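Going by the working numbering, the first residue of the sequence shown is number 78, and it counts up by one from there. Glycine included, C-beta positions come from ideal geometry on N, C-alpha and C. Keep in mind it's a predicted model, so treat the numbers as computed, not measured.
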Amino acid sequence: MRNRRSLRSPSPARQAGMSLIEIIIVIVLIGAVLTFVGSRVLGGADRAKANLAKSQVTTLAQKVEAFQMDTGRLPATLDELVTEPGDAAGWLGPYAKSAELADPWGHPVEYRAPGESGPFDLVILGKDGKVGGSSVDGDIRYE
Numbered sequence: 078m079r080n081r082r083s084l085r086s087p088s089p090a091r092q093a094g095m096s097l098i099e100i101i102i103v104i105v106l107i108g109a110v111l112t113f114v115g116s117r118v119l120g121g122a123d124r125a126k127a128n129l130a131k132s133q134v135t136t137l138a139q140k141v142e143a144f145q146m147d148t149g150r151l152p153a154t155l156d157e158l159v160t161e162p163g164d165a166a167g168w169l170g171p172y173a174k175s176a177e178l179a180d181p182w183g184h185p186v187e188y189r190a191p192g193e194s195g196p197f198d199l200v201i202l203g204k205d206g207k208v209g210g211s212s213v214d215g216d217i218r219y220e
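Written out as structure tokens, the structure reads:
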């Protein structure tokens, strides 16, 4: 004869799927993974903007030098790269678009002539828009 116990179906308490604690653990793990991935993706965008700012400051410096070659003087402000100043004989601009005078985060590029260690300085203050900082908040200089 067959054993009667083997023919019985499991009790309803043993058929339940995942317990509430198991579901909570799974949700917490999914949240942790999404947080990690999200921070990596968003951080990558800021690093890309920092790299763009490095090339932007170099390109803008070349435009300042082109202005100087054409007019025989440095621009008083970066706006003179966009709009012809009245006293700049030989101006062949515009040398830049007004959108190029702001960094990738929307802050204005700082320009000083004369510069601290050269004829002019260009400074992008980084993501935070403040002097100093590190990583994507660090200053990017052309001196």
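Local Cβ density within 10 Å of residue i, reported as buried at 16 or more and exposed below that
i	result
Ile-201	buried
Glu-99	exposed
Pro-191	exposed
Leu-129	exposed
Val-186	buried
Leu-158	buried
Supposed close pair residue i, residue j - CB separation, criterion 8 Å
i	j	result
Gly-121	Thr-148	In fact, because the Cβ distance is near 41 Å, the residues do not count as touching under 8 Å.
Val-213	Lys-204	5 Å
Glu-177	Leu-137	6 Å
Straight-line Cα distance separating residue j from residue i
i	j	result
Thr-154	Asp-198	11 Å
Glu-142	Tyr-172	10 Å
Lys-174	Asp-156	9 Å
Asp-164	Trp-182	32 Å
Met-126	Ile-217	Looking at the sequence provided, one finds Lys at residue 126 rather than Met. Between Lys-126 and Ile-217, the C-alpha separation is close to 12 Å.
N-terminal and C-terminal residue of the beta strand (DSSP E) that residue i is part of
i	result
Tyr-219	217–219
Tyr-188	187–189
Identified DSSP bridge partners for residue i
i	result
Val-200	Glu-187, Arg-218
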